[in-house]
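Residue numbers (our numbering): 136 to 219. We put the CB at the ideal spot given by N, CA and C, even for glycine. Fair warning: this is a prediction, and the values are worked out from it, not measured in the lab. Since the structure comes first, as structure tokens, the remarks are kept for the end.
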Amino acid sequence: PGQAVICGIRPVDVSVAGEGDVQAEVVLVESTGAESHVLLSVDGQELRAVVQGRYRAKPGAACALKINPAALHLFDAANEQRIG
Numbered sequence: 136p137g138q139a140v141i142c143g144i145r146p147v148d149v150s151v152a153g154e155g156d157v158q159a160e161v162v163l164v165e166s167t168g169a170e171s172h173v174l175l176s177v178d179g180q181e182l183r184a185v186v187q188g189r190y191r192a193k194p195g196a197a198c199a200l201k202i203n204p205a206a207l208h209l210f211d212a213a214n215e216q217r218i219g
């Protein structure tokens, strides 16, 4: 309780959807053919997502993210050691 933590998640565990838990802004989309790598901004923090297929949103577009809480990784903010 009261411990500062860093929250991490792998880009493949972030789903970009029409509706979701977290509101984000698209910063950059890089299509690699079978998938798109999406750089997002959430409250001034960068977050990356990997989307299957071609993601056509333009920079500045709003989107929603779904994040599976079981996929989150928590780290102690003081020493960056994984918690749990």
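Look at residue i and residue j and say whether their C-beta atoms are less than 8 Å apart.
{"i": "A246", "j": "V161", "result": "This structure does not reach residue 246, given that the chain is present from 136 up to 219, and the question cannot be answered."}
{"i": "I141", "j": "A212", "result": "yes"}
{"i": "L209", "j": "I202", "result": "no"}
Let me know if residue i comes out buried or exposed under the rule of 16 or more other beta-carbons within 10 Å of its beta-carbon.
{"i": "V186", "result": "buried"}
{"i": "A159", "result": "buried"}
{"i": "V147", "result": "exposed"}
Check the C-beta distance from residue i over to residue j and give it rounded, since I have them as a contact under 8 Å.
{"i": "A199", "j": "G153", "result": "6 Å"}
{"i": "L175", "j": "P194", "result": "Not a contact, Cβ separation roughly 10 Å."}
{"i": "V157", "j": "V177", "result": "6 Å"}
{"i": "S171", "j": "G188", "result": "7 Å"}
Give the secondary structure of residue i by DSSP, where H, G and I count as helix, E and B as strand, and everything else as coil.
{"i": "A199", "result": "strand"}
{"i": "D156", "result": "coil"}
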